[in-house]
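Chains B and S, in that order, give the protein sequences. UniProt numbering puts the first residue of the first sequence at 1, with every later residue one more than the last. UniProt numbering puts the first residue of the second sequence at 1, with every later residue one more than the last. Even glycine gets a Cβ: it sits at the ideal position worked out from N, Cα and C. Computed from a predicted structure; not experimentally measured.
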Amino acid sequence: MSVSTGELHSNGQLRADKRKKIYAKLWRDRYLYLLILPGVLFFLVYRYIPMLGIVIAFQNFSPFLGFRGSEWVGLQHFRTIFADPEVVRVIWNTLYLSFLQIVFAFPAPIILALLLNELRSELYKRLIQTIVYMPHFLSWVIVVGIFVIFLRGDGLVNNFLQTVLGMEQSVGFLTNPDYFRPLIVLQVIWKEVGWGTIIFLAALAGVNPELYEAATVDGANRWRKMWHITLPAIRTVIVILFILRLGSVLDSGFEQIFLMLNSFNREIGEVLDTYVYYKGIQQTDYSFATAVGLFKSIVGLVLIVGANYLAKRFGQEGVY
Amino acid sequence: MKYRSIADRIFDWVNSIALALLAIIMLFPFFYLFSVSFTTLDEFLRSEFLLWPKKWATDAYEYIFHSKSFIRSLWITIYITVIGTAINLAFTTTMAYGLSRKIIGQRPIVFLVLFTMLFSGGMIPSYLIVKETGLLDTVWALILPAAIGPFNLIIFRQFFMDIPHEIQESAIMDGANDLSIFYKIILPLSKPVLAAFSLFYAVGHWNNYFSGILYLNDATKWPIQVILRQIVVQSDAVNALGAANMAMLENPPPPETIQMAAILVATVPILIVYPFLQKHFAKGVMIGSIKG
């Protein structure tokens, strides 16, 4: 089969035209590219170059030798992770704390949203909302600081226990490791319970009030209305948030845990994030710390993508 | 009023009271910190339960405001908050606008932005890049690596995409280029969104503690949250505020009142912007949860 030179020529012409068009478009949008340039540079330098920096997890990185000069050790650090009882304990601490958060801190805003929804006075509801949202905007240093001031040996809580309830010794809320996990969960609830209600209250605002009126006419009491109208209205939101929460079981909130850690509770309090800091920054074991961090990032990526897939399967738009 | 059963009414009362108690739990710490921070040394030592001072004293506040390191850390934090927020807005809006228009390469870039929300190099490589770029022990380490919050970028982009095209097209007819469209049309239209996000970014800078301990070894560069941790959580007011300061006053106030005063001073700016924040955040959270 022969192809005429004329056709060939027009094909080449077409391609050249296309390329010209692309150049013309790039030139036309030159100012838009100028606008995105600072942001693109930011993402390259502070987000993507650190991703390349992951290679040090496969090296014995030394700042003096640099990325190129450091010795390659393959998967050695990853083998150490699972052989080291210390790391296994840290992973366990992380998972256990997440489990407690899911059991206690996750349902708290749902319950609060349901209670707020039952308030009859709109004004009173708004007042309570204004107050309970506020702690969300405080720093962890302030939240932990307040807990420390109230709970230490001579703090208000121990004063109360001793003088009013007649306890003989002060309770070591901050020094006895048994209190570590409950305190972490309590702080999260205190800080975030109000903020967490917003998404549920928004879903409830979309409920047609006629549904409630119709149910009242049919003789449904408050509990039945809550059970058959209110809860179904937020059920999808609950399930999606729950799935996404499962996707981040390895995140424990560095700032809070780091502030609460002390020599008494380190054994049960150390989690993956604080461990990476401790190993990498304080002991400058860069490679091993990066390997632990990479392990966490990869498991986290798999979990969050899986969670998002499930949330989408559940019939709703995912978050990403 | 419609007929309501007794059980119904009891529930209403119990519910209202329970929520009032919850609100008190949120507010009481500040009330307590406020009153104790103003008590005199005498009264502080004598009384077990201090809920309202008989005599007001401002010793604790004088003490912290005489501390050079406290004042310095406040200025550092104000500096970081102002400059940092300005950089946040500049970087976020320009990139969001560029990506809101149909340009070649838009999709892959948006994907790469979204990917950073799922995966990161982690703490150590980020630390090393900050070190390599020479930002370690400078306040820029708290500003540049946080220049754009990807989530905010995506929300801004969505907002820009929702601005009707006709407005921009007529400007192009008049011979305006994309830079002047962005500056003269898009930004003025986005004032409320800019206000909301500048507040969110600013609160983030004010509250930031993690970057401070990660990137700043030099105690003279510490922002307020790091100093606050030393004063309150580590109970080390003397070192945090300077020992010389202690000798300055004849009767130094008890460390407890100093801690409480320091917490309140660091909380006041948040409380001042809170009403403005509240106006915006419900909407912001909703945009964020619907679109991403």
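Neighbourhood of residue i by C-beta, 8 Å cutoff - its chain only, sequence neighbours within 5 removed
{"i": "S:PHE30", "result": "LEU264, THR267"}
{"i": "B:LEU310", "result": "ILE243"}
{"i": "B:TRP223", "result": "none"}
{"i": "S:LYS221", "result": "ILE76, ASP137, THR138, VAL139"}
{"i": "B:LEU74", "result": "First, the residue type needs correcting, since residue 74 of chain B is Gly and not Leu in the sequence shown. Contacts found: PHE58."}
{"i": "B:GLN256", "result": "TRP140, VAL143, VAL144, ILE184, GLN187, VAL188"}
{"i": "S:LEU89", "result": "LEU194, PHE197, SER198, TYR201"}
{"i": "S:ILE148", "result": "ASN88, PHE91, THR92, MET95"}
Segment limits, alpha helix (DSSP H) that includes residue i
{"i": "B:ASP273", "result": "272-276"}
{"i": "B:ASN308", "result": "286-313"}
{"i": "B:ARG245", "result": "231-247"}
{"i": "S:PRO254", "result": "That residue, S:PRO254, is in no alpha helix (DSSP H); it is neither H nor E in DSSP."}
{"i": "S:MET161", "result": "150-161"}
{"i": "S:ALA240", "result": "237-241"}
{"i": "S:SER120", "result": "From DSSP, S:SER120 is part of no alpha helix (DSSP H); its letter is neither H nor E."}
{"i": "B:ARG181", "result": "180-205"}
{"i": "S:PHE210", "result": "210-215"}
{"i": "S:ASP178", "result": "178-181"}
{"i": "B:ARG224", "result": "222-225"}
{"i": "B:GLU168", "result": "Where B:GLU168 is concerned, there is no enclosing alpha helix (DSSP H), given that its DSSP letter is neither H nor E."}
{"i": "S:GLN225", "result": "224-228"}
Contact check, residue i vs residue j, beta carbons under 7 Å
{"i": "B:ALA307", "j": "B:LEU261", "result": "no"}
{"i": "S:SER198", "j": "S:THR85", "result": "yes"}
{"i": "S:ALA237", "j": "S:ILE258", "result": "yes"}
{"i": "B:THR94", "j": "B:VAL299", "result": "no"}
{"i": "S:LEU128", "j": "B:GLY247", "result": "no"}
{"i": "S:THR18", "j": "S:THR40", "result": "The residue you asked about is not Thr; residue 18 of chain S is Ala in the sequence shown. No, these two residues do not count as a Cβ contact at 7 Å."}
{"i": "S:ALA146", "j": "S:VAL130", "result": "no"}
{"i": "S:ARG157", "j": "S:SER100", "result": "yes"}
{"i": "S:ALA23", "j": "B:ILE131", "result": "yes"}
{"i": "B:ALA233", "j": "B:ALA205", "result": "no"}
{"i": "B:VAL148", "j": "S:VAL193", "result": "no"}
{"i": "S:MET117", "j": "S:PRO150", "result": "yes"}
{"i": "B:ASN117", "j": "B:PHE180", "result": "no"}
{"i": "S:PHE119", "j": "B:SER297", "result": "yes"}
Own chain, CB closer than 6 Å to residue i, minus 5 neighbours either side, in chain order
{"i": "B:LEU201", "result": "ALA113"}
{"i": "S:ARG4", "result": "none"}
{"i": "B:PHE61", "result": "SER70, TYR286, SER287"}
{"i": "S:SER78", "result": "According to the sequence shown, residue 78 of chain S is Ile rather than Ser. Here the set comprises nothing."}
{"i": "B:LEU14", "result": "none"}
{"i": "S:GLN230", "result": "ASP236, ALA240"}
{"i": "B:ALA108", "result": "ILE189, VAL193"}
{"i": "B:ASN11", "result": "none"}
Residue i to residue j span [Cα, whole Å]
{"i": "B:GLY318", "j": "B:LYS312", "result": "Below a pLDDT of 50, predicted positions are generally treated as unreliable, and B:GLY318, at 46, falls in that range; the measurement from the model is reported next regardless. Between B:GLY318 and B:LYS312, the C-alpha separation is close to 5 Å."}
{"i": "B:LEU211", "j": "B:LYS225", "result": "9 Å"}
{"i": "S:ASP59", "j": "B:THR284", "result": "42 Å"}
{"i": "B:VAL305", "j": "B:PHE99", "result": "20 Å"}
{"i": "S:GLY212", "j": "S:HIS205", "result": "10 Å"}
{"i": "B:SER263", "j": "B:PRO177", "result": "10 Å"}
{"i": "S:GLU256", "j": "S:HIS66", "result": "17 Å"}
{"i": "S:ASP42", "j": "B:TRP190", "result": "33 Å"}
{"i": "B:GLN76", "j": "B:LEU97", "result": "28 Å"}
{"i": "B:TYR31", "j": "B:PHE254", "result": "40 Å"}
{"i": "B:ALA16", "j": "B:PHE137", "result": "57 Å"}
{"i": "B:TYR33", "j": "B:ARG47", "result": "19 Å"}
{"i": "B:PHE295", "j": "B:PHE78", "result": "8 Å"}
{"i": "B:TRP92", "j": "B:PHE64", "result": "35 Å"}
{"i": "B:GLU86", "j": "S:LEU179", "result": "55 Å"}
{"i": "B:ARG28", "j": "S:PHE115", "result": "28 Å"}
{"i": "S:TYR215", "j": "S:GLY175", "result": "47 Å"}
{"i": "S:ALA7", "j": "S:SER16", "result": "14 Å"}
{"i": "B:ASN208", "j": "B:GLN129", "result": "22 Å"}
{"i": "S:VAL273", "j": "B:GLY66", "result": "45 Å"}
{"i": "S:VAL203", "j": "S:MET26", "result": "19 Å"}
{"i": "B:ILE198", "j": "B:LYS125", "result": "13 Å"}
{"i": "B:ASN159", "j": "S:GLU62", "result": "28 Å"}
Per DSSP, cross-strand counterpart(s) of residue i
{"i": "B:GLN256", "result": "Answer by DSSP bridge pairing: none, since B:GLN256 is not bridged."}
{"i": "B:GLU71", "result": "B:ASN60"}
{"i": "S:TRP56", "result": "S:THR39"}
Neighbourhood of residue i by C-beta distance below 7 Å, restricted to the same chain and skipping five residues each side
{"i": "B:LEU151", "result": "VAL157, PHE173, LEU174"}
{"i": "S:SER289", "result": "The pLDDT assigned to S:SER289 is 44, lower than 50, so where the model puts this residue is not dependable; a value taken from the coordinates is nonetheless given after this. Contacts found: none."}
{"i": "S:LEU33", "result": "MET260, ILE263, LEU264"}
{"i": "S:PHE276", "result": "LEU199"}
{"i": "S:ILE185", "result": "ILE167, GLN168, ALA171"}
{"i": "residue 321 of chain B", "result": "Because chain B in this structure spans residues 1 to 320, residue 321 of chain B falls outside the shown range and cannot be described."}
{"i": "B:LEU161", "result": "MET167, VAL171"}
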